[in-house]
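Visitor:
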Amino acid sequence: MLLRFTKMHGLGNDFMVIDLVTQHAQLSAKLIRQWSDRHTGIGFDQLLVVEPPGNPDMDFRYRIFNADGGEVEQCGNGARCFARFVQDKRLTAKSEIHVETAGGPIILNVNADGQITVDMGAPRFSPAQIPFQADTEALTYTLEVGEQQLQISTVSMGNPHSVTLVDDLDSFPVASLGPLIEKHPRFDQGVNAGFMQLIDRHHARLRVYERGAGETLACGTGACAAAVAGIRLGHLVSPVSIQLPGGSLHIEWAGPGQPVMMTGPATRVYEGQIRV
Ligand SMILES: N[C@@H](CCC[C@H](N)C(=O)O)C(=O)O
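The numbering used here puts the last residue of the sequence shown at 285; the count rises by one with no breaks.
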């Protein structure tokens with residue numbers, strides 16, 4: 010059987026998107042790893058799956074798998090591509106799309122200028138919600154990574170994030186420290202490791218070593234987590250422009266309990282079919 014898919018990206022964070030509303034496929038971690046291979050497969054950071062909703066108040070169920078085949082709770086750049094995909098495929102005529110994810114409900118809005126704004130829900134901070142091993146909730150924690158002691162903030166955007174402030178993002182050893190933080194034993198389910206360089210009160214630069222995918226050109230939930238961490242620490246003021254290697258995201262957050270609003274592009278690259 011041939012499975013139709015669309016290759017998409019959000020600021021270079023790239024996806025294979027499949028519609029399992031009108032098609033059927035038996036997914037496995039092994040198959041996803043084969044597809045994600047950049048030499049012998051399609052090549053992507055995440056697989057995004059569109060399914061019918063379980064909850065009748067929602068329009069779709071949105072499932073996310075990392076390149077390593079693991080299913081995860083949330084993906085911000087993917088959420089924007091999801092909105093573009095379900096419109097392009099005429100799976101909905103709505104411009105406001107309510108979607109359920111394993112990380113909680115999110116709301117996607119396709120703007121008149123083609124940009125997409127996602128209500129990512131409220132960030133969570135308690136160690137149990139990340140999950141992160143700590144006795145009490147704090148704004149920063151000291152994390153022992155190899156020989157180093159890093160000061161990190163932790164944020165759940167449905168999925169787990171750590172944010173470390175750095176002086177020089179270009180020379181920071183993301184490739185060597187990222188994997189050590191991603192799999193640090195204090196993060197029971199792993200973590201997306203973000204490294205942020207502040208520019209001014211409304212601008213910051215960010216690189217993210219993603220759980221299950223390695224360093225990507227952009228991470229939407231990572232940008233939300235970094236903006237939230239910077240605002241909580243008093244370094245940043247909403248709205249914040251987060252500059253990632255693949256481009257910038259506009260993030261707004263009014264404070265604790267309020268949703269994080271992320272705006273940015275979603276790009277279709279090509280349509281394909283693969284034998285399953
Ligand atoms: N690229 C994503 C995040 C994808 C999931 C992440 N790697 C995880 O394991 O939680 C984004 O744009 O948010």
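Beta carbons are placed, not taken as given, at the ideal position from N, Cα and C, and that holds for glycine.
Can you tell me the Cβ-Cβ gap for residue 207 and residue 244, rounded? I've got them flagged as a contact below 8 Å.
Guide: Indeed they touch by this definition, with Cβ atoms about 5 Å apart.
Visitor: Going straight from the alpha carbon of residue 288 to that of residue 83, what length do you get?
Guide: The requested residue 288 is not part of the displayed model; the chain covers only 10 to 285.
Visitor: Short check: CB of residue 12 to CB of residue 217, under 8 Å?
Guide: Contact: no.
Visitor: Between residue 124 and ligand 1, is the CB less than 7 Å from at least one heavy atom?
Guide: No, the Cβ of residue 124 stays beyond 7 Å of every heavy atom of ligand 1.
Visitor: Near residue 181, what residues of its chain come up, given a Cβ to Cβ distance below 7 Å and the 5 sequence neighbours on each side ignored?
Guide: So the list reads 175, 204, once near-sequence residues are dropped.
Visitor: By Cβ distance, which residues of its chain are closer than 8 Å to residue 35, with the 5 residues on each side in sequence left out?
Guide: Only 285 meet the Cβ criterion.
Visitor: Does at least one heavy atom of ligand 1 sit under 7 Å from the Cβ of residue 220?
Guide: Yes, since a heavy atom of ligand 1 falls inside the 7 Å radius drawn around the Cβ of residue 220.
Visitor: How would you label residue 86, buried or exposed, when you count the other beta carbons within 10 angstroms and need 16 or more for buried?
Guide: With 16 or more Cβ atoms within 10 Å of its Cβ, residue 86 is classed as buried.
Visitor: In its own chain, which residues sit with a C-beta less than 6 Å from the C-beta of residue 110, not counting the 5 before and 5 after it?
Guide: Excluding positions up to five away in sequence, the list reads 71, 83.
Visitor: Once you ignore the five residues that flank residue 230 on each side, which residues in its own chain have a CB closer than 6 Å to its CB?
Guide: The residues are 83, 85, 166, 168.
Visitor: Going by C-alpha distance, which of 40, 59, 58 is nearest residue 50?
Guide: The option with the nearest alpha carbon to residue 50 is 40.
Visitor: Can you say whether residue 163 is buried or exposed, counting buried as having 16 or more other CB atoms within 10 angstroms of its CB?
Guide: It counts as buried.
Visitor: Is any non-hydrogen atom of ligand 1 found closer than 7 Å to the C-beta of residue 7, if you look at the structure I gave you?
Guide: The shown model of the chain, from 10 to 285, leaves out residue 7, and the question about it has no answer.
Visitor: My guess is that residue 137 and residue 266 are in contact by the Cβ rule of under 8 Å, so how many angstroms apart are they, rounded?
Guide: 17 Å between Cβ atoms; not a contact.
Visitor: So residue 219 packs on residue 54, CB below 8 Å; how close in whole Å?
Guide: With 8 Å as the limit, residue 219 and residue 54 qualify as a contact, their Cβ atoms being about 7 Å apart.
Visitor: Starting from residue 97 and walking both ways along the alpha helix (DSSP H), at which residues does that stretch end?
Guide: 85-97 is the extent of the alpha helix (DSSP H) around residue 97.
Visitor: Can you look up residue 229 in the DSSP assignment and give me helix, strand or coil?
Guide: Correct three-state label for residue 229: helix.
Visitor: When you measure from the CB of residue 230 to every non-hydrogen atom of ligand 1, does any distance come out below 7 Å?
Guide: For ligand 1, at least one heavy atom lies less than 7 Å from the Cβ of residue 230.
Visitor: Any heavy atom of ligand 1 inside 7 Å of the beta-carbon of residue 32?
Guide: Because no heavy atom of ligand 1 lies under 7 Å away, the Cβ of residue 32 does not count as near it: no.
Visitor: Could you give the distance in angstroms between the alpha-carbon of residue 30 and the alpha-carbon of residue 108?
Guide: The straight-line gap from Cα to Cα measures roughly 14 Å.
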